[in-house]
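Novice:
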Amino acid sequence: MATSAVLVHRIPGRIRLRVESMRGDADYFATLSEGFSGLDVVQNVKANPSTASIVIEFSDSLENLVRKIRQHGLVIENQQMEHSERPRHVPRNADMASLNLVSGRDINVMFMLGALMVAVGIVQIYRGRILVPAISAFWYAVNAFRESGKSRS
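Counting in the numbering used here, the sequence shown runs from -13 upward without gaps.
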């Protein structure tokens, strides 16, 4: 009887399968891992019975690997394979998104930049450099605060 697996993650040359029905069965995953390691297209296999997953690094096409895996009694559902190929949404300005601290709080990078530019502007006023340096710093601060509001939505 064939066991059903779900393709959870895929990058070129590497897939992660989840076999929920066999979660915790160390003997099953050891046997599966040993069987897959013997395939000529498989370079490395890592099985974790606790998470019910198995990672396979391979050198051939995914279709050939799936065909050889099916010979070992593991069926990979096609709809899961198609689902994993859909492009993921990457938010605009992802590199300027909030930073997550160890404490779990978020820091809005643009807001912090705006606060820094306000401080620079105040220092420039104190030094008597009002016209160009202080006004420029405040202008950058205003723009940073505007951007910080956009990244939250």
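Heads up, the beta-carbon is just placed ideally off N, CA and C, and yes, glycines get one too. Bear in mind the structure is a predicted one, so any value in this text is a computation, not a measurement.
#1: Extract the residue ranges of the alpha helix (DSSP H) inside the region 9 to 38, only unbroken runs of 4 or more that lie entirely within it.
#2: Pop quiz: residue 39 and residue 4 are said to be a contact at Cβ under 8 Å. What is the actual Cβ separation, rounded to whole angstroms?
#3: Quick check on residue 110: buried or exposed, where buried means 16 or more other Cβ atoms within 10 Å of its Cβ?
#4: I need the DSSP call for residue 41, collapsed to helix, strand or coil.
#5: Which same chain residues, not among the five before or five after residue 63, have their C-beta less than 7 Å away from its C-beta?
#6: Can you tell me the Cα-Cα spacing of residue 48 and residue -2, whole angstroms?
#7: Measuring only the C-alpha atoms, how far is residue 17 from residue 45?
Specialist: Here's the rundown:
#1: 12 to 23
#2: 5 Å
#3: buried
#4: strand
#5: -10 and -8
#6: 9 Å
#7: 21 Å
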